[in-house]
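Student: I am attaching a structure below and will ask some questions about it afterwards.
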Amino acid sequence: MAFIALGINHKTASVAVRERVAFTPEQMVEALQQLCRLTTSREAAILSTCNRSELYLEIDHPTADDVLAWLADYHRLTLDELRACAYVHQDEDAVRHMMRVASGLDSMVLGEPQILGQMKSAYAVAREAGTVGPLLGRLFQATFSTAKTVRTDTAIGENPVSVAFAAVSLAKQIFSDLHRSQALLIGAGETITLVARHLFEQGVKRIVVANRTLERASLLAEQFGAHAVLLSEIPEELANSDIVISSTASQLPILGKGAVERALKQRKHKPMFMVDIAVPRDIEPEVGELDDVYLYSVDDLHEVVAENLKSRQGAAQAAEELVGSGVAEFMQRLRELAAVDVLRAYRQRLRPLPPAPSTPRAPRRPAGAGRATGPAPPGRCR
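Take the sequence shown: its position 259, counting from 1, is numbered 259 in the UniProt record's numbering, and each next residue is one higher.
Take a look at the structure:
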């Protein structure tokens, strides 16, 4: 038995690679079941966000070569391409990695809170797929408990600086006065909700929320006095948008170079600021080649986010110590469970066999019964 945590993240792979290794919500259940069917994984869960794609496994041997091969094949990469940016953690290191991720210690934004919710969702999907058993389930519960302790006992999450906040901070650098700027937000998930909140607090002039379903867009728009539209209406809104921030789960780009070129002409080449937080990307990279367009990907937010690290280093050290305690406690619990299993098996071997069923004896004959009365057979003494 071995725990494995393997994958890629924003530190090891560019957004161009991460979008190729990303799993959509629709793929998750089938991918998990295939993973357990085609590899030596006995239990499995997949975490896929804009900054990382990771597999958490319980397998029957300490290597994960077959899992890496499966991951490369599933996403149509060569094994060499994947190995160049993948990491593999085993046993105690895997436990530590999961707890650090859930606590926000491995995030682009140190201490960001969304990752814990994303990991809980990954666990729920794995349970739905039937690929989480008692061992990986225990690890997830211990991970959630440790992350909660980190949140409550340290200042790691105070004054959170998220990717959404970083995007709005960049917008303020481009447009010094957001009160005169109009924003188009594409998507209606957690990240776009945070973006909308930050823009609303900065007093942006107008917010438009575009989404695949109007109902979801309307629910978000109502919170911030915004206007809701469908994705098909983006071309009409684009020309009026100074700020465009996108984060959807689409597998194909939503905004292409041609649509943005037409919008720029209508705007008389007034600058447009765009941030593509999605993985895979929502905005074609070629859009960044256009004059008067400032296009940033999620990787470009590193510099803005880096300033957040200085104020959180003290809290991070305390959080690392709590993670260390969580790892030690979980590994000790595993050893205790293993000892119980060994003792149970040993006792089973020593258990005495049940007595064999007794064979009934033939009834004793009365004295003289069956004695021969005739002449003795030839050759037999009397």
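Glycine residues also receive a C-beta, built at the ideal position from the N, C-alpha and C atoms.
Buried or exposed: which applies to residue 223, given that a residue is buried once 16 or more other Cβ atoms fall within 10 Å of its Cβ?
Tutor: Looking at its Cβ environment, which holds fewer than 16 other Cβ atoms inside 10 Å, residue 223 is exposed.
Student: Measuring alpha carbon to alpha carbon, tell me which of 110, 294, 39, 181 ends up nearest residue 207.
Tutor: 181
Student: Check whether the segment 111-119 and the segment 7-22 are in contact - that is, three or more C-beta pairs closer than 8 Å.
Tutor: no
Student: Rounded to whole angstroms, what's the CA-CA distance from residue 132 to residue 324? Just pull it up for me.
Tutor: Distance between the alpha carbons of residue 132 and residue 324 is about 24 Å.
Student: At a cut of 8 Å, does the segment 169-189 reach the segment 227-246 through at least three beta carbon pairs?
Tutor: yes
Student: Specify, as a first and last residue, the run of the alpha helix (DSSP H) that residue 121 falls within.
Tutor: 114-129
Student: Relative to the C-alpha of residue 102, which candidate in 87, 187, 86, 122 has its C-alpha closest?
Tutor: Here the closest residue by C-alpha is 122.
Student: What separation, rounded to the nearest whole angstrom, lies between the Cα atoms of residue 346 and residue 336?
Tutor: Caution is warranted here: a pLDDT of 49 is assigned to residue 346, below 50, making its placement in the model unreliable, and no coordinate value can be reported.
Student: Using a Cβ-Cβ cut-off of 7 Å (strictly less than) and excluding sequence neighbours within five positions of residue 98, which residues of its own chain qualify?
Tutor: 5, 56, 139, 143
Student: Hey, which unbroken runs of the beta strand (DSSP E) at 3 residues or more fall wholly within the segment 174-198?
Tutor: Counting whole runs of 3 or more residues, the segment 174-198 contains the beta strand (DSSP E) stretches 182-186.
Student: Considering only C-alpha positions, which residue in the set 92, 44, 175, 318 is nearest to residue 136?
Tutor: The shortest C-alpha separation from residue 136 is found at 44.
Student: Do residue 275 and residue 95 count as a contact pair if the criterion is CB distance below 9 Å?
Tutor: Their beta carbons are not under 9 Å apart, which means residue 95 does not touch residue 275 by this criterion.
Student: Just mark residue 71 as buried or exposed, buried being the case when its beta carbon has 16 or more other beta carbons within 10 Å.
Tutor: buried
Student: Taking just the CA atoms, how far does residue 264 sit from residue 87?
Tutor: In a straight line, the C-alpha of residue 87 is about 42 Å away from that of residue 264.
Student: Look at the alpha carbon of residue 163 and the alpha carbon of residue 169, and state the distance between them as a whole number of angstroms.
Tutor: Between residue 163 and residue 169, the C-alpha separation is close to 10 Å.
Student: Pair every Cβ in the segment 248-260 with every Cβ in the segment 281-290, then say whether three or more of these pairs are closer than 8 Å.
Tutor: Yes, the segment 248-260 is in contact with the segment 281-290.
Student: Where are the beta strand (DSSP E) runs, 3 residues long or more, that stay fully inside the segment 259-346, in chain order?
Tutor: If we require 3 residues or more, the beta strand (DSSP E) runs fully inside the segment 259-346 come out as 272-276, 293-297.
Student: For residue 54, does the count of other Cβ atoms within 10 angstroms reach 16, so buried, or fall short, so exposed?
Tutor: Sixteen is the threshold: when 16 or more other Cβ atoms of the shown chains lie within 10 Å of the Cβ of residue 54, as they do, the residue is buried.
Student: What span of residues does the beta strand (DSSP E) with residue 245 cover, start to end?
Tutor: 243-246
Student: For residue 430, tell me which candidate among 173, 214, 221 has the shortest Cα-Cα distance.
Tutor: The chain is shown only over 1 to 382; residue 430 falls outside these bounds and no answer can be derived.
Student: Are there 16 or more other CB atoms within 10 angstroms of the CB of residue 282, so buried, or fewer, so exposed?
Tutor: buried
Student: Leaving aside the five residues before and after residue 372 along the sequence, list all residues of the same chain whose C-beta is less than 6 Å from its C-beta, in chain order.
Tutor: A caution first: residue 372 carries a pLDDT of 45, below 50, which makes its placement in the model too unreliable to give a value.
Student: Please return the same chain residues whose Cβ sits closer than 7 Å to the Cβ of residue 93, not counting the five positions on each side in sequence.
Tutor: none
Student: Starting from the Cα of residue 69, find the closest Cα among 279, 203, 80 and give me that residue.
Tutor: 80
Student: Straight-line CA distance for residue 158 to residue 151?
Tutor: 9 Å
Student: Could you have a look at residue 15 and say whether DSSP puts it in helix, strand or coil?
Tutor: helix
Student: What is the C-beta distance between residue 22 and residue 280, in whole angstroms, given that I count them as a contact (C-beta under 8 Å)?
Tutor: 6 Å
Student: Quick one: residues in its chain with C-beta nearer than 6 Å to the C-beta of residue 238, no 5 flanking neighbours on either side, listed in chain order?
Tutor: 263
Student: Using only the alpha-carbon positions, how far apart do residue 149 and residue 112 sit?
Tutor: 15 Å
Student: DSSP three-state label for residue 370, please.
Tutor: Its pLDDT being 48, under 50, residue 370 is placed unreliably by the model, and the measurement read from it follows with that caveat. Correct three-state label for residue 370: coil.
Student: For a quick check, are the C-beta atoms of residue 83 and residue 320 less than 9 Å apart?
Tutor: Note that the C-beta distance between residue 83 and residue 320 is not below 9 Å.
Student: Quick one: grab the DSSP three-state call for residue 3.
Tutor: Under the three-state reduction of DSSP output, residue 3 falls in the strand class.
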